[in-house]
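Asker:
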Amino acid sequence: MMIGRSVGRVVISDVRPVVSCGQWPSRAVEGETLTVSATVFREGHDLIGANVVFSGPDGQGAPFTRMIMTGAGTDRYETDLVMGREGLWGYRVEAWADPVATWRHGIELKVGAGQSVDELAVDFEDGARLLLRALPGVPESRRAEVARAVAALRDDSRTDPHERIALACARELAVLLDAHPLRELVTRSPLYRVWVDRKRALYGSWYELFPRSEGASLDPPRSGTFLTAAERLPAVAAMGFDVVYLPPIHPIGEVNRKGPNNTLVTGPDDPGSPWAIGSVHGGHDAVHPDLGTLDDFDLFVARARSLGMEVALDLALQCAPDHPWAKHHPEWFVVRSDGSIAYAENPPKKYQDIYPLNFDADPIGIYHEILRVVRFWTARGVRIFRVDNPHTKPVEFWEWLIGQVKATEPDVLFLAEAFTRPAMMHSLARVGFTQSYTYFTWRNERPELEEYARELVDSAHYMRPNFFVNTPDILPEYLQRGGPAAFRIRAVLAAMLSPTWGVYAGYELYENDPVRAGSEEYLDSEKYQYRPRDWAGAERAGRSLAPYLTRLNQIRRAHPALHWLHNLRIHQSDAPEIMVFSKRLTAAASAAADAADPTLTPAVAAASGRATAATSIPDHLGPGDDLVIVVVNLDPHTARETTVRLDMPSLGLDWGDAFEAHDEITGATYQWGRDNYVRLEPSEPAHVLTVRRLP
């Protein structure tokens, strides 16, 4: 019986990073160091080598990038690559027999065992012929070194075998032929893909606000506008936020409009829920007339951009009963047996003001209409979409839509608001979503936080978390009961654990009143009414968390180690209420990320002398390395003390090293080592420590 071949002459297996056996691309951002690894071996004792063949979006290949075995006897090889411009990249692992290294290893053993020149005559000639075969692959400027080694191997006047092989086995020549090897029995893995996004895909601080509440009045009822909301932007930028996220800004339906606190009774001045999209004033490609005009929206976007921020827009694929789609395309909805269109339900919750789309009735029509809507807003400068409830729409639709958009606008980013089952959440990330909301909101105890952090690190090659501490839909019980300390704790955890985090407006005012006991809904929710806030008054009275949020964002910007997820390490403390973690970034990796050029291809990098291969993380903390250690008391009610036990090697330190730990929040400096006493009060529940110097 014939069996199809599934391996090559040299075996390559367990290539990483790979998403679902290569079905979808893994993810990276410009300047990110991507570790490519594989298990490589062959029969017998001959030595082998491995390298990565890397190609950019333009099809240009990278220079020869050799992989290094990670430990003797492991058969595991890896190398680090610095990603270039955004777009779709590809890589293969190549494995091959290395006859020169095999010969060199063998001849050294034989000479070391005392074999004579006469016994080794054939071995000397075998080596000379191998070096001559390798010669054409060596740079012309270095070929003389190879020629001299060949001559020495053939020089019968050299009667000492050590002298005979000295040039052929010299370290300098071995390094040269490792970089330009003679390869035999070359085996290639399948092509694996990597989608590279701009840096905002991984790192950023988000702030969510309702434009209609900024500049609004309750007596008389009056909506804020894009222009009044723009007046809030300097304060948001001053807190260090990078992205301003707006809930739906479209016309709101009149039919079944919701009143305050989600009631079914509305008055003439109740604005309704922004997620009930569409009315006689238009649908998803229109703005609510109370907010202003499209030109006013453009001014809002321009103002945010001038302050160093981007605008993220909500993409909520649902309709109010009076949306134009409901009139012109009733087939896009679910029709019940009595002829009525079904409104949205998530029992026991009812959304009488919303019709969900039926993607099975006319998929071609719906798909292309939504693509038109997305392109409408990207043409107006929107480069980020926060997608509402993507898990209630077909996964294949998202794969198509995101693929269509990124094919022509690769800088557009999509955040999945998918508080759903893990399989769906991860599938949405795999098929193209740039970021995802996570279960962080409900992880409060140390074991579950640590476990979830490790899980996210393990999936960082395709799923990027966005740690929102609260949303208009979610007021966690921890915030309801924990007082101001709880708000500080959750902000520190989100801002330091995840490269991207976010807050919903009002967080800095400690808003924590639920609509009823046991509910995560806000009392007087902004989803159903205007909510003007006295920002200046709160700050004057010292009742604002804004200075604390500002400091956290300042620390994030100043320390590039916090811009990444894969470098997260968990440490131990004796108290179960105190969590300890660190992030470290080498100076070389930081420089590579900072130098990332959107126009750089591997070929251009090679020609300009800018390497696309990075070195592995050094074992020891070096000059310019960035190291942040975070210690958080998770109990918002009680002071806790503990001994923090650091995994020193993961910090690049020896077990006996001592160092200065500077608290970036309080300004205090401590002498730290492997074991350290810590006491944290609810009023100051966290240390954010940076290593200043080793004594």
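Sequence positions in the sequence shown follow full-length UniProt numbering and run 1 to 695. Note that the Cβ used here is the ideal one computed from N, Cα and C, for glycine as well.
#1: For S223, is the classification buried or exposed, using 16 other Cβ atoms within 10 angstroms of its Cβ as the cut-off for buried?
#2: Which parts of the segment 469-545 are runs of the alpha helix (DSSP H), unbroken and 4 residues or longer, counting only runs that do not cross its ends?
#3: With distances taken from CA atoms, which of A149, D338, P330, T33 is nearest P17?
#4: Just the C-alpha distance for H45 and D58, rounded to the nearest angstrom, thanks.
#5: I'd like the list of long-range same chain contacts for F440, defined as Cβ closer than 6 angstroms, with 5 residues on each side in sequence excluded.
#6: Measure how close the beta-carbons of L47 and A121 come, nearest whole angstrom, since I'm counting them as under 8 angstroms.
#7: Is it true that the CB of F385 sits closer than 8 angstroms to the CB of L315?
#8: Give the range of the alpha helix (DSSP H) segment to which R104 is assigned.
#9: So, is V688 buried or exposed, given that buried needs 16 or more other C-beta atoms within 10 angstroms?
#10: For D625, does the count of other Cβ atoms within 10 angstroms reach 16, so buried, or fall short, so exposed?
#11: Measuring CB atoms only, is the segment 549-569 touching the segment 239-246, in the sense that at least three cross pairs come out at less than 8 angstroms?
#12: Taking Cβ positions, are P465 and H563 nearer each other than 8 angstroms?
#13: Counting only the same chain and skipping the five closest in sequence on each side, list residues whose C-beta sits under 6 angstroms from that of W206.
#14: Secondary structure at G282, three-state DSSP: helix, strand or coil?
#15: For the beta strand (DSSP E) containing R679, name the first residue and the last one.
#16: Quick check on DSSP: helix, strand or coil for S306?
#17: Out of G61, T35, F54, which one is the CA nearest neighbour of I68?
#18: Measure the C-alpha to C-alpha separation of A429 and G656 and round it to an integer number of angstroms.
#19: Give the list of continuous beta strand (DSSP E) stretches no shorter than 3 residues that lie fully inside the segment 108-168.
#20: May I ask you to report which of helix, strand or coil DSSP gives E32?
#21: For C21, which beta-bridge partners are listed by DSSP?
#22: Which value, in whole angstroms, describes the spacing of the CA atoms of G98 and V29?
#23: Within 10 Å of its beta-carbon, does N346 have 16 or more other beta-carbons around it, so buried, or fewer, so exposed?
#24: For N51, which three-state DSSP category applies?
#25: Within this structure, are the beta carbons of A152 and A168 separated by less than 8 angstroms?
#26: With distances taken Cα to Cα, identify the nearest neighbour of A517 among A541, P476, W400, V265.
#27: Does A558 come out as helix, strand or coil in the three-state DSSP assignment?
#28: Is P547 helix, strand or coil when you go by DSSP?
#29: Can you tell me which of A201, D269, R188 puts its alpha carbon nearest to the alpha carbon of L218?
#30: DSSP three-state call for L185: helix, strand or coil?
#31: What do you get for L109, buried or exposed, if any count of 16 or more other CB atoms within 10 angstroms of its CB means buried?
#32: Round the Cβ separation of R200 and E310 to the nearest angstrom and send it over; I've been treating them as touching at under 8 angstroms.
#33: Comparing C-alpha positions only, which one of K583, P181, D295 sits nearest to L497?
#34: At the level of alpha carbons, what is the spacing between G259 and V265?
#35: Rounded to a whole number of angstroms, what is the C-alpha to C-alpha distance between N444 and P139?
#36: Under 8 angstroms, do F116 and H461 count as touching if we go by C-beta distance?
Answerer: The answer reads as follows:
#1: By the Cβ-count criterion, S223 is buried, with 16 or more other Cβ atoms from all chains shown falling within 10 Å of its own Cβ.
#2: Within the segment 469-545, the alpha helix (DSSP H) runs of at least 4 residues that lie entirely inside it are, in chain order, 477-497, 535-540.
#3: Measuring from the Cα of P17, the nearest candidate turns out to be T33.
#4: If I take the Cα positions, the gap works out to 40 angstroms.
#5: Excluding sequence neighbours, F440 sits near F467.
#6: The Cβ separation is near 23 angstroms, so there is no contact.
#7: Their beta carbons are under 8 angstroms apart, which means L315 touches F385 by this criterion.
#8: Residue range 99-112 is occupied by the alpha helix (DSSP H) that includes R104.
#9: Classified as buried, V688 has 16 or more neighbouring CB atoms from the shown chains inside 10 Å of its CB.
#10: The C-beta of D625 has 16 or more other C-beta atoms within 10 Å across all chains shown, which makes the residue buried.
#11: Two segments are said to touch when three or more pairs of C-beta atoms, one from each, lie closer than 8 angstroms; by this definition the segment 549-569 touches the segment 239-246.
#12: No, Cβ-Cβ distance for P465 and H563 is not below 8 angstroms.
#13: Result list for W206: V243, Y245, G502, in chain order.
#14: In this structure, DSSP gives G282 an extended state, which the three-state scheme calls strand.
#15: Note, R679: beta strand (DSSP E), 675-680.
#16: It is helical.
#17: The candidate whose alpha carbon is nearest that of I68 is T35.
#18: Straight-line spacing of the CA atoms in A429 and G656 works out to 42 angstroms.
#19: If we require 3 residues or more, the segment 108-168 turns out to have no beta strand (DSSP E) run fully inside it.
#20: Secondary structure at E32: coil, using DSSP grouped into helix, strand and coil.
#21: Bridge partners of C21: none, in fact.
#22: Gly is not the amino acid found at residue 98; the sequence shown has Asp there. Looking at the two C-alpha atoms, the distance is approximately 34 angstroms.
#23: Per the 10 Å Cβ criterion, exposed.
#24: Assigned with DSSP and collapsed to three states, N51 falls in strand.
#25: Yes, Cβ-Cβ distance for A152 and A168 is below 8 angstroms.
#26: Selected option, being the one with the closest Cα: P476.
#27: Correct three-state label for A558: helix.
#28: In this structure, P547 counts as helix in the three-state DSSP scheme.
#29: Per the Cα distances, D269.
#30: Residue state, collapsed to three classes: strand.
#31: Classification of L109: exposed, given that the 10 Å Cβ count is below 16.
#32: Contact flag correct, Cβ pair sits at about 7 angstroms.
#33: When only C-alpha atoms are compared, the closest one is K583.
#34: Cα-Cα distance, rounded: 6 angstroms.
#35: Distance between the alpha carbons of N444 and P139 is about 58 angstroms.
#36: According to the sequence provided, residue 116 is Ser. The question's Phe does not apply to it. The answer is no: Cβ separation not under 8 angstroms.
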